[in-house]
Structures are given as C-alpha cells and as structure tokens.
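Take 424 as the starting number for the sequence shown in this note's numbering and just add one per residue. Note that the Cβ used here is the ideal one computed from N, Cα and C, for glycine as well. The structure presented is a predicted model; accordingly, all values stated were derived computationally and were not measured. A short write-up of the structure that comes next.
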Amino acid sequence: MSMDWATFGLDLHVELDSTSGRRSALESALRESIRDGRLAAQTRLPSTRALAAELDLARGTVSAAYDQLIAEGYLTARTGSGTYVTGLVRAVARPARAVDTSGPAAGPRYDLRPGSPDVTSFPTAAWLRATRRALAEAPMAAYDYGDPRGRIELRTALASYLGRVRGVAATPDRIVVTSGAVQALSLLAGVIGRTAGARIAMEDPGLAFHREVVRRNHVDVMALEVDDRGARTDLLLTSDFTAVRAVVVTASHQYPTGVPLHPQRRDTAAEWARSREGLIIEDDYDGEFRYDRQPIGALQGTAPEQVAYLGTVSKTLGPALRLGWLVLPERLIEPVVEAKRYTDLHTESIGQLALADLITSHAYDRHVRSCRLRYRSRRDLLTGRLEPHAGQRLTLRGIPAGLHAWIDLPAAGPSEHDVLVAGTARGLALGYLSSHWHDPDGRPQGIIVGFGTPSESTYPIALDTLNHVLRRLTLRR
Ligand SMILES: Cc1ncc(COP(=O)(O)O)c(C=O)c1O
424 MSMDWATFGL DLHVELDSTS GRRSALESAL RESIRDGRLA AQTRLPSTRA
474 LAAELDLARG TVSAAYDQLI AEGYLTARTG SGTYVTGLVR AVARPARAVD
524 TSGPAAGPRY DLRPGSPDVT SFPTAAWLRA TRRALAEAPM AAYDYGDPRG
574 RIELRTALAS YLGRVRGVAA TPDRIVVTSG AVQALSLLAG VIGRTAGARI
624 AMEDPGLAFH REVVRRNHVD VMALEVDDRG ARTDLLLTSD FTAVRAVVVT
674 ASHQYPTGVP LHPQRRDTAA EWARSREGLI IEDDYDGEFR YDRQPIGALQ
724 GTAPEQVAYL GTVSKTLGPA LRLGWLVLPE RLIEPVVEAK RYTDLHTESI
774 GQLALADLIT SHAYDRHVRS CRLRYRSRRD LLTGRLEPHA GQRLTLRGIP
824 AGLHAWIDLP AAGPSEHDVL VAGTARGLAL GYLSSHWHDP DGRPQGIIVG
874 FGTPSESTYP IALDTLNHVL RRLTLRR
C-alpha cells in the first residue's frame, strides 16, 4: 500500500508494509517520516477521516495510529485545530560512555549506551524510609569521623547479603566500603603498584575507564585475551605474564562480551594466584542481573584468600550514590584500609546507614527483583525486535545477563563508523566495541547496546530507531 500526501500539501510518499498490520504499518511509516525529517515539526496532519479515505483504511485504524504516536510524543493533538508533528529536538550522540562525567548538557534523544541503569526506577520512597529510620536509630558518633572500613551496620548487612545472594565468603572485618567500584580498583592498584615493576592484567576487550584508573596508579596494564570461555586465565601461567601481580576479571558476566568465566578458567585463575602469590580482582558489577538461570556465584566464594571482590550499587540502585565495597583476603586488609584512610578517611556515613537499612529490611532484595523483571522484559524486547531483522548478518550476544548486549559487525557488513553516523543523525547513541580493545587496530567491530538507561516510554522508540538504522545499513550491502 502506498501513501501519497501531495494532495494535503505535504510532499510525502511512504510505503505501507502490509505484512505487519495496517495500523502498525501506518504508525511506523509516520514515525520514520518524522524521525528522518520528511514530516517537519509543526506540520498539521490530515484529519483521520481524510487520511482514512485517502488510504482506504478504517477511520478507527488511523485514529489508533495517531493516538499511539501522541502517546510516544511524536504528535500533539490541539483541541479544535487538529493533530500536529511535535517539535522534537534533534540531539547529537556523544561517544560511547564508559563512565559519563559530562555536565548537565542535553543528552542524546535515544540513549542506548551501556553503563547506567534506569535511574528513573530509583526506589525513592524506600530510600527515604531507610534514611529516616537510619537517622532515627544512628548513634551520635555516626556523625563524626569513622572507621576507614566504613560503618559496621553496612559491613554486617553486606557480609550476610553477599553470602546469601552471591556466594561470597565475607565477614564484616574483611569488608571496606568504598566510593564505588572505581575507588575499590584504584585502592588495589595503588597497593599492587608499591612492588616495583608489578603489572596488572586486564581483560581485552574490557572497560577502558578502568584501565586508565590502573595506569594512573602508575601500574602497567597487560592485555589478557577474552574468548568464548571468558578471560584466558591459562595465559597467566606463561612467561609473558611473569610480572603480573594481579588480574582483573568480570567473571560472572564479562564486560563487554557478556560471557561467564568458564569453570576451568576459574580454577586456573585460582591456581595461578595460589602458586604465584597473585591476586584476582573480581569486578562483580552486575551479578544480580541474570535472567535465564540462577546467578553464577562469585569466584571469591571458592578462593577467598586469592580474590579481592568488588561490588557496587551503581547498577542496582544508581551510580549517584557512589557506594561500593571490597571483600578482601586477610593479607590485604591492613594495606587497603591504610590506603583508604589516606585517600578520603572513609566513605560518607549517612548513605551507608541508609543502605544497611535497605538491605536488612529486604527492601533492597525486592527492588533488585523488580528491576530484574523489568530488565529481563527489556532484554526480551531487544531480542524480539532486533533478531528478526538482523537475520543471518548480525548476531546479538551476551544476553543471558546484565544490562547490555552486543552485536557483531562482520567485516563484510556496516562498520562502527557507518552505524555511528546513521545513528547520530537519528539522535541515537550506542556503545562501540572498538573503545573497549586495548589496541583497536584490526580488531573486530561491534555495537554495544545498553538497555538500562532509556526510560520505559522511550525504550521501544529507541529500539525502533536502532532497528531502522541497522536494517537500512545491512540492506544496502
Ligand atoms: C565493568 C564495570 N565495572 C564496574 C562498574 C561500576 O563502577 P562504579 O561502582 O564505580 O560506578 C561499571 C559501571 O559501568 C562497569 O561497567
């Protein structure tokens, strides 16, 4: 079916794909025309009666399509004067976000960069209740300088929560509360860096921001290959890695490929750490969000004297809290606590008390459970919308867990640059694999799709936009 609006003073021609239902075909045609600018802001649309007659559709079909686009913000109904295209702001995509430190400038319209959760689902009411209760019960000493390890209430709550949920072997005296996982990594890198010539191996691909954190502690980083069994911990036993004193692994859900560390690779890492007095730094950044089966337990639970375990609320509650923790092997408690003391004395106490209350009242479990359900349905929507179009050419990976997935871009298909240009033109921001390689030269390319950030209402539109971009680019080949 074809739609030609020249008669309405709109020089617009849209193909209605009749295979997907007439209403949804009309919706998509209008959405795309608005997105790519063929239907400009403030354009008055034909009345539902006129358009229905023109396209030989039922009037109710056109009304329903208009209503849907009004709900999505593409159209505005003005009482008595008709339906208009909304003035949407065309946003420019910023580069892939490892950690977004930009100011309050307007972001992209559709933000599918990995890194952040859906902060609109922050449990404000539960956090308020927890803070109120924590303050009512806090001893006056809580307002004074405190223990560099953090509040005992939180360390106690974490020891039991992490044991129950992640299989971590923790006692309160082994826990240090930090300002996010990033400070935990920085403290450890500083301690490792005291040994002259010590190096830290980090997954390749991995989070570039964390590599920089290690380097800024004057420690050289060595690339550790990742394959479909996770980090190649077997390589740690080879002579190339002799100077390596620690290895950073995202064992439950490798960032960004999403593969879990294979049990054999876990054993090899622990064996390396035992035989070489090495340290495994386990970054368990999104361990709670596994959808297809039970969470994969933390590596730390099987080798507590070899592993420094890092956790954070950045994915479960929100990065703004800057609350993270370390569970340490005995030998590292004293140097890390000292490093923490000389960095910032201790992490802010009131938020710690609120988090302790949230955990012990089980409001934290309830929140994580409801987030898991929501992210799971987002993940399902991503696979449902993308896979039928991706076909043989594009493969969606890393989807059993976490808040992101990635799509290979085979050499014969569109490049990251092609996707970046086409996506930016539509206000779409994505993550890219190239920014995760230690050296991106000649390495495979891919897109990282973070499905945590968009609000519930913009997420489906963000996916449609991604779909549109990929379909156009792949069909062109
Ligand atoms: C791999 C990885 N680790 C840890 C974090 C969380 O860091 P932080 O607790 O410092 O916010 C993130 C957040 O994006 C991440 O991607």
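Would you call Arg617 buried or exposed, if buried means 16 or more other Cβ atoms sit within 10 Å of its Cβ?
For the purposes of this step, residue 617 is taken as the residue at position 194 of the sequence shown. It is exposed - the Cβ of Arg617 has fewer than 16 other Cβ atoms within 10 Å.
Using the Cα positions of Leu468 and Asp887, report the straight-line distance between them to the nearest angstrom.
The residue given as residue 468 occupies position 45 in the sequence shown. The residue given as residue 887 occupies position 464 in the sequence shown. Going by the C-alpha atoms only, they are around 22 Å apart.
Q. In the structure shown, what three-state DSSP assignment does Val485 receive?
A. Residue mapping note: residue 485 aligns to position 62 of the sequence shown, counting from 1. Val485: helix per DSSP, three-state reduction.
query: Taking just the CA atoms, how far does Leu809 sit from Arg895?
result: Within the sequence shown, numbered from 1, the residue matching residue 895 stands at position 472. Within the sequence shown, numbered from 1, the residue matching residue 809 stands at position 386. Their backbone Cα atoms lie some 13 Å apart in a straight line.
Which of the three DSSP states is assigned to Gln606 in this structure? Counted from its first residue, the sequence shown places residue 606 at position 183. Here DSSP, grouped into helix, strand and coil, assigns Gln606 to helix.
**Q.** Any non-hydrogen atom of ligand 1 closer than 8 Å to Ser737 Cβ
**A.** Within the sequence shown, numbered from 1, the residue matching residue 737 stands at position 314. Checking the Cβ of Ser737 against ligand 1 gives yes.
Check the C-beta distance from Leu581 over to Ala593 and give it rounded, since I have them as a contact under 8 Å. For the purposes of this step, residue 581 is identified with residue 158 of the sequence shown, where counting begins at 1. For the purposes of this step, residue 593 is identified with residue 170 of the sequence shown, where counting begins at 1. Going by Cβ atoms, the distance from Leu581 to Ala593 rounds to 7 Å, so yes, they are a contact pair.
Given this structure, state the Cα-to-Cα distance separating His891 from Asp709, to the nearest angstrom. Position 468 of the sequence shown, counted from the start, is the residue given in the question as residue 891. Position 286 of the sequence shown, counted from the start, is the residue given in the question as residue 709. Cα to Cα, the separation comes out at about 29 Å.
Flag this pair as yes or no: are the beta carbons of Tyr568 and Leu817 separated by less than 9 Å? Stepping through the sequence shown from its first residue, residue 568 is reached at position 145. Stepping through the sequence shown from its first residue, residue 817 is reached at position 394. No, Cβ-Cβ distance for Tyr568 and Leu817 is not below 9 Å.
Practice item. Give every residue of the same chain whose Cβ lies closer than 8 Å to the Cβ of Val614, excluding the five residues on either side of it in the sequence, and list them in chain order. Key: Working through the sequence shown from its first residue, we reach residue 614 at position 191. Excluding residues within five positions, the ones whose Cβ falls inside 8 Å are Leu755, Pro758, Val759 and Ala762.
Pop quiz: Ala654 and Gln687 are said to be a contact at Cβ under 8 Å. What is the actual Cβ separation, rounded to whole angstroms? Taking the first residue of the sequence shown as position 1, residue 654 is located at position 231. Taking the first residue of the sequence shown as position 1, residue 687 is located at position 264. In fact, because the Cβ distance is near 12 Å, the residues do not count as touching under 8 Å.
Q | Start and end residues, alpha helix (DSSP H) containing Leu843 | A | Against the sequence shown, residue 843 aligns to sequence position 420. That run of the alpha helix (DSSP H) goes Glu839 to Ala848.
**Report entry** Entirely enclosed alpha helix (DSSP H) segments - the segment 626 to 680, minimum 4 residues
**Finding:** With a minimum length of 4 residues, the continuous alpha helix (DSSP H) runs that stay inside the segment 626 to 680 are 631 to 638.
Margin query: On the DSSP letters alone, give me the boundaries of the beta strand (DSSP E) that Gln868 sits inside.
Written below: The residue given as residue 868 occupies position 445 in the sequence shown. From DSSP, the beta strand (DSSP E) with Gln868 extends over Gln868 to Gly873.
**Message:** Distance check for His827 and Tyr714, CA to CA, integer angstroms please.
**Reply:** Mapped onto the sequence shown, residue 714 falls at position 291. Mapped onto the sequence shown, residue 827 falls at position 404. C-alpha separation (whole angstroms): 12 Å.
Original post:
Closest by CA to Trp695, which one among Asp596, Thr466 and Ala669?
Top reply: Taking the sequence shown and counting its residues from 1, the one referred to as residue 695 is at position 272. Nearest option by C-alpha distance: Ala669.
Which residue comes first and which comes last in the beta strand (DSSP E) that contains Val759? Taking the first residue of the sequence shown as position 1, residue 759 is located at position 336. From DSSP, Val759 is part of no beta strand (DSSP E) but of the alpha helix (DSSP H) over Glu753 to Asp767.
Buried versus exposed, by CB contacts within 10 Å (16 or more), Leu630: Here residue 630 refers to the residue found at position 207 when the sequence shown is read from its first residue. Taking every protein chain shown into account, the CB of Leu630 has 16 or more other CB atoms within 10 angstroms, so this residue is buried.
- Using the beta-carbon count (16 or more within 10 Å), is Met625 buried or exposed? Position 202 of the sequence shown holds residue 625. Burial state of Met625 is buried, judged by a 10 Å Cβ sphere holding 16 or more other Cβ atoms.
Going by the DSSP bridge assignment, what does His827 pair with across the sheet?
Start at 1 with the first residue of the sequence shown, and residue 827 comes out as number 404. Assignment of beta-bridge partners to His827 by DSSP yields Gly873.
*asked:* Between which residues of its own chain and Leu535 is the CB-CB distance below 6 Å, once the five residues before and five after are set aside?
replied: Position 112 of the sequence shown holds residue 535. Answer for Leu535: Leu853, Val872, Gly873 and Ala885, listed in chain order.
(request) Compute the beta-carbon to beta-carbon distance between Asp707 and Ser675, rounded to the nearest angstrom, for a pair I have assumed lies under 8 Å. (result) Within the sequence shown, the letter at position 284 stands for residue 707. Within the sequence shown, the letter at position 252 stands for residue 675. For a cut-off of 8 Å, the C-beta gap from Asp707 to Ser675 is around 6 Å, short enough to register as a contact.
Can you grab the Cα-Cα spacing for the pair Glu879 / Pro546, in whole Å?
By 1-based counting over the sequence shown, the position of residue 879 is 456. By 1-based counting over the sequence shown, the position of residue 546 is 123. Glu879 and Pro546: Cα-Cα distance of roughly 15 Å.
Distance check for Tyr533 and Ala488, CA to CA, integer angstroms please.
In the sequence shown, the residue the question calls residue 488 occupies position 65. In the sequence shown, the residue the question calls residue 533 occupies position 110. C-alpha separation (whole angstroms): 21 Å.
- Message: Suppose you measure from the CA of Asp780 to the CA of Ala646; what does that come to, to the nearest Å?
- Response: On the sequence shown, position 357 is the one that residue 780 refers to. On the sequence shown, position 223 is the one that residue 646 refers to. Approximately 40 Å, taken between the alpha carbons.
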